[in-house]
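Residue numbers (our numbering): 30 to 582.
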Amino acid sequence: MTYRAATRNPGLKRSRMSSFKTTGGFIMRRIIALTAITMLIVSTVSVFAAGRGEAARDDAVSVMVFERGQVPSHRGTLQENQWVDWMREQSGVNLSFVPVPRWEVLQTLNPMFAAGTAPDVISDFSRDNIASFHAQGVLAPLDDWIEQYSTSLRQYLADNPTLDPFLRFGEDGQKFAVATMRPLDTLANHLLWVRQDWLDELGLDVPRTEEEFFAVADAFVTQDPNRTGTNDTFAFVDGHPLEGMIHAMYMAGSNSIWFVDDREIYHSRTSERLVDYFRFYQLANERGWIDPELITDRQFDRQNQLWVTGRAGMYFGQWGPPRFSELRANDPNARLTPIGAISTRHGTNGWFQEPPPERFVAFRHDIPNPQAAIQYLDWLVDEGWFNLVYGFEGEQHGIDEATGIPVWRISSDERRDLMFTGDYVILRPARFHPEQFILGAPDDPFEQELAQLRTDALVEQISFRFRRDTPMNPTMPELLTFYDEFNPVFDDIQFEVSMGRLTPEAAYRQVQSEWNRLGGPRVQAMVQDWFDQNQSVWASVDWQIDLLSLLEQ
30 MTYRAATRNP
40 GLKRSRMSSF
50 KTTGGFIMRR
60 IIALTAITML
70 IVSTVSVFAA
80 GRGEAARDDA
90 VSVMVFERGQ
100 VPSHRGTLQE
110 NQWVDWMREQ
120 SGVNLSFVPV
130 PRWEVLQTLN
140 PMFAAGTAPD
150 VISDFSRDNI
160 ASFHAQGVLA
170 PLDDWIEQYS
180 TSLRQYLADN
190 PTLDPFLRFG
200 EDGQKFAVAT
210 MRPLDTLANH
220 LLWVRQDWLD
230 ELGLDVPRTE
240 EEFFAVADAF
250 VTQDPNRTGT
260 NDTFAFVDGH
270 PLEGMIHAMY
280 MAGSNSIWFV
290 DDREIYHSRT
300 SERLVDYFRF
310 YQLANERGWI
320 DPELITDRQF
330 DRQNQLWVTG
340 RAGMYFGQWG
350 PPRFSELRAN
360 DPNARLTPIG
370 AISTRHGTNG
380 WFQEPPPERF
390 VAFRHDIPNP
400 QAAIQYLDWL
410 VDEGWFNLVY
420 GFEGEQHGID
430 EATGIPVWRI
440 SSDERRDLMF
450 TGDYVILRPA
460 RFHPEQFILG
470 APDDPFEQEL
480 AQLRTDALVE
490 QISFRFRRDT
500 PMNPTMPELL
510 TFYDEFNPVF
520 DDIQFEVSMG
530 RLTPEAAYRQ
540 VQSEWNRLGG
550 PRVQAMVQDW
560 FDQNQSVWAS
570 VDWQIDLLSL
580 LEQ
């Protein structure tokens, strides 16, 4: 790939679909690669970029980036590669990048903050983690710097007030983080998948209720749906989020979610719905729905192997079709259907959906060059995010003239070469519509089928709202200390239920006893005060997004 300077195309056609690159009323400029014919313009733009970045060039800014092991060896490292060079040139900021393992943010950054070596700019998808850093006093308030130094980011935040309550921390309500709104494809998260060909083979409908789910699960275990003539199938496998999805199904059992009924807030693990949550695990083990080796399958390798080899009929995972290429390679007749919710006697709750902010970006409390850091964030919001996500027009993507949507010119396998660049995109004011899957897919039967499946899955996932009664979870230190004691006890009780050594009813009574013994009523009173103090502020902002309405934008 040749990494070239980028410029704007003022002639981008706009329509309902082209707004995926706009937000808050201003137009995100389409970036195109310049050709040799426009070398004079390149020279002019380069001089301007150099001038814009001259003050910041001597002011280094270190930025955290997620380490996922996705950088191809021929591309270099997360710290140094051609994309990093391109970002330095285009932003005018002397950037350095500090890799942090994706799932070890607290474990990695806490010692760095203690030693004074943390990056200037940190980011995470978890607001709870940002709240933890704020409680330690290691983050800087951002309101004044945004007002003084920012243009694009300041305007974006003003145009998206939904974000505001998520970005403020502490009793004085200062802004200690910034974020952009999640595009539709990242608001959706968990989804249940079922082998449609297995349902057809057994004459069963797609399950939509708890009763129907149990019947399908039993049939997948006992009626030889893969027609091997042996008893070798499980009802479902866990692609990682099984427990969280059962939390959602019964609105009970989560270690951090609080619900509100009649202005009274209560913890997910104290609800009477917990009895049915426990019963699910009891039945799953008694009836052989689930692989008994799941308990030791920490990386879910065996779960995925059971799925792709045709030994499981349902998959608790994300909304992307799970390992569809491998599954189809092993069974050309495999067909999948997404399921957006399973209703119970407690109602219908969608699977987990993310809150509106995509990634929280914060500054170290003693950041030496906040102006340069703000300049970098402005560049990302203004235009830098687009090439990092889609590559360059004419090379990795083209633009559909009717809609303004980027259309991939490379296969899904070739796109893996770009996967790592997305982790540099800590802010991106992008919009997404499911039609992008079809328009962006290569002209290949399998790729088109996969794109249609993704489209159907995304629409199915957002068709059922995930219950969230507060915009964020409480994070006061006393509560976190309580969790440290209570959650392991709860996990032990749930394990006893799964092993058949404790009935769901007895388990619920034991949970209540342990909650009271460890001080649950005291922290619940604290959380009630927190809720009472904040609910009027939350009521002033529409933080509950109507996801289906985004399809019409």
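Yeah, the Cβ is synthetic: ideal placement off N, Cα and C, and Gly gets one too.
Item to check | L168 versus D407 - alpha carbon distance | outcome: If you number the sequence shown from 1, residue 168 lands on position 139. If you number the sequence shown from 1, residue 407 lands on position 378. Spanning the two alpha carbons is a distance of roughly 20 Å.
Next on the checklist: Here's the rule I'm using: 16 or more other beta-carbon atoms within 10 Å means buried, otherwise exposed. How should V90 be labelled?
Outcome noted: Position 61 of the sequence shown, counted from the start, is the residue given in the question as residue 90. Classification for V90: buried.
Item to check | Straight-line gap, H462 to E383 (C-alpha atoms, nearest Å) | outcome: Indexing the sequence shown from 1 puts residue 462 at position 433. Indexing the sequence shown from 1 puts residue 383 at position 354. Spanning the two alpha carbons is a distance of roughly 17 Å.
Checklist entry - Which residues bound the alpha helix (DSSP H) around I275? => result Looking up residue 275 in the sequence shown gives position 246. First-last of the alpha helix (DSSP H) with I275: L271 to Y279.
Next on the checklist: Distance check for N378 and E387, CA to CA, integer angstroms please.
Outcome noted: Sequence index remark: in the sequence shown, residue 387 carries index 358 (1-based). Sequence index remark: in the sequence shown, residue 378 carries index 349 (1-based). Rounded to the nearest angstrom, the two C-alpha atoms are 22 Å apart.
Item to check | Check whether E489 and G369 have beta carbons under 7 Å apart | outcome: Within the sequence shown, numbered from 1, the residue matching residue 489 stands at position 460. Within the sequence shown, numbered from 1, the residue matching residue 369 stands at position 340. Against a cut-off of 7 Å, the Cβ pair of G369 and E489 comes out as a contact.
Checklist entry - How many angstroms separate the CA atom of P194 from the CA atom of R497? => result Residue 194 sits at position 165 when you count from the first residue of the sequence shown. Residue 497 sits at position 468 when you count from the first residue of the sequence shown. So the alpha carbons of these two residues sit roughly 15 Å apart.
Checklist entry - How big is the Cα-Cα spacing for L233 and P458? => result As a working mapping, residue 233 is identified with position 204 in the sequence shown. As a working mapping, residue 458 is identified with position 429 in the sequence shown. So the two alpha carbons sit approximately 43 Å from each other.
Item to check | L579 versus T532: straight-line alpha-carbon distance, rounded | outcome: Along the sequence shown, read from residue 1 onward, the residue named residue 579 stands at position 550. Along the sequence shown, read from residue 1 onward, the residue named residue 532 stands at position 503. Going from the Cα of L579 to the Cα of T532 covers about 44 Å.
Next on the checklist: I need the DSSP call for V122, collapsed to helix, strand or coil.
Outcome noted: Within the sequence shown, residue 122 is the residue found at index 93, counting from 1. Correct three-state label for V122: coil.
Checklist entry - A147 to Q539, Cα distance in whole Å? => result Counting from 1 along the sequence shown, the entry for residue 147 is found at position 118. Counting from 1 along the sequence shown, the entry for residue 539 is found at position 510. Going from the Cα of A147 to the Cα of Q539 covers about 43 Å.
Checklist entry - DSSP three-state call for I151: helix, strand or coil? => result By 1-based counting over the sequence shown, the position of residue 151 is 122. In this structure, I151 counts as strand in the three-state DSSP scheme.
Item to check | Buried or exposed by the 16-neighbour rule on C-beta atoms within 10 Å, applied to L220 | outcome: Along the sequence shown, read from residue 1 onward, the residue named residue 220 stands at position 191. When all chains shown are included, L220 counts as buried.
Checklist entry - Based on Cα-Cα distance, which residue from F249, V150, W414 and A535 lies nearest to D229? => result Sequence index remark: in the sequence shown, residue 229 carries index 200 (1-based). If we check each option's Cα against that of D229, F249 comes out closest.
Checklist entry - Distance, Cα to Cα, F126 vs T510? => result As a working note, residue 126 is residue 97 in the sequence shown. As a working note, residue 510 is residue 481 in the sequence shown. Each residue's Cα considered, the two are about 33 Å apart.
Next on the checklist: I'd like to check one pair, T191 with P474: are the Cβ atoms closer than 7 Å?
Outcome noted: Taking the sequence shown and counting its residues from 1, one reaches residue 474 at position 445. Taking the sequence shown and counting its residues from 1, one reaches residue 191 at position 162. Result no, Cβ atoms of P474 and T191 do not sit closer than 7 Å.
Checklist entry - In angstroms, rounded to a whole number, what distance separates the CA positions of G423 and M555? => result In the sequence shown, the residue the question calls residue 423 occupies position 394. In the sequence shown, the residue the question calls residue 555 occupies position 526. Those two C-alpha atoms are separated by around 57 Å.
Next on the checklist: Quick check on the DSSP output: the beta strand (DSSP E) that includes D290 runs from which residue to which?
Outcome noted: Sequence index remark: in the sequence shown, residue 290 carries index 261 (1-based). Start and end: W287 to D290.
Checklist entry - So the beta strand (DSSP E) G469 belongs to, where does it begin and stop? => result Here residue 469 refers to the residue found at position 440 of the sequence shown. Careful: G469 lies outside any beta strand (DSSP E), inside the alpha helix (DSSP H) at E464 to G469.
Item to check | With 16 other Cβ atoms within 10 Å as the buried cut-off, status of P361 | outcome: Here the question's residue 361 lines up with position 332 in the sequence shown. Answer is exposed; the Cβ neighbour count stays below 16.
Item to check | Spatially closest choice to P503 from Q108, H103 and S297, by CA coordinates | outcome: Looking up residue 503 in the sequence shown gives position 474. Out of Q108, H103 and S297, S297 has the C-alpha closest to the C-alpha of P503.
Item to check | Element boundaries [alpha helix (DSSP H), containing I522] | outcome: Within the sequence shown, numbered from 1, the residue matching residue 522 stands at position 493. That run of the alpha helix (DSSP H) goes P506 to S527.
Next on the checklist: For L236 and I371, what's the separation of their Cα atoms in angstroms?
Outcome noted: Residue 236 sits at position 207 when you count from the first residue of the sequence shown. Residue 371 sits at position 342 when you count from the first residue of the sequence shown. Residue identity check: residue 236 is Pro in the sequence provided, not Leu. Distance between the alpha carbons of P236 and I371: 7 Å.
Next on the checklist: Checking the sheet assignment: what are the DSSP bridge partners for P435?
Outcome noted: Residue numbering aside, residue 435 sits at position 406 when the sequence shown is read from its first letter. Beta-bridge pairing links P435 to I428.
Checklist entry - Are the stretch 299-307 and the stretch 327-335 touching, with three or more C-beta to C-beta distances below 8 Å? => result no
Checklist entry - In the DSSP assignment, what are the bridge partners of R156? => result Taking the sequence shown and counting its residues from 1, one reaches residue 156 at position 127. DSSP lists no partner for R156.
Checklist entry - Around the C-beta of S569, are 16 or more other C-beta atoms found within 10 angstroms, so that it is buried, or is it exposed? => result By 1-based counting over the sequence shown, the position of residue 569 is 540. S569 comes out exposed.
Checklist entry - DSSP on F495, reduced to helix/strand/coil? => result Here residue 495 is taken as the residue at index 466 of the sequence shown, counted from 1. Here F495 sits in coil by DSSP.
Checklist entry - Between the C-alpha atoms of L447 and L135, what's the straight-line distance to the nearest angstrom? => result Locating residue 447 in the sequence shown gives position 418, where the first residue counts as 1. Locating residue 135 in the sequence shown gives position 106, where the first residue counts as 1. The alpha-carbon atoms of L447 and L135 are separated by roughly 27 Å.
Checklist entry - What is the DSSP secondary structure of H296, reduced to helix, strand or coil? => result Here residue 296 refers to the residue found at position 267 when the sequence shown is read from its first residue. Residue state, collapsed to three classes: strand.
Checklist entry - Taking buried to mean at least 16 other C-beta atoms within 10 Å of its own C-beta, is S21 buried or exposed? => result Nothing can be reported for residue 21, as the shown portion of the chain is limited to 30 through 582.
Next on the checklist: Only counting the same chain, and skipping five residues up and downstream in sequence, which positions put a Cβ closer than 6 Å to that of D429?
Outcome noted: Position 400 of the sequence shown holds residue 429. Hits under 6 Å: V436 and L468.
Item to check | Nearest-angstrom Cα separation, counted from L323 out to D267 | outcome: Within the sequence shown, residue 267 is the residue found at index 238, counting from 1. Within the sequence shown, residue 323 is the residue found at index 294, counting from 1. Whole-angstrom Cα-Cα distance: 8 Å.
Checklist entry - Assuming G339 contacts N359 under a Cβ cut-off of 8 Å, what Cβ separation, rounded to an integer in Å, is found between them? => result For the purposes of this step, residue 339 is identified with residue 310 of the sequence shown, where counting begins at 1. For the purposes of this step, residue 359 is identified with residue 330 of the sequence shown, where counting begins at 1. With a Cβ gap of about 6 Å, G339 and N359 count as contacting.
Checklist entry - When the Cβ atoms of the stretch 247-266 are set against those of the stretch 209-227, are three or more pairs found closer than 8 Å? => result yes
Checklist entry - Apart from the five residues on each side of it in sequence, which residues of its chain come closer than 6 Å, Cβ to Cβ, to R494? => result As a first step, residue 494 must be located in the sequence shown, where it is residue number 465. Only G379 meet the Cβ criterion.
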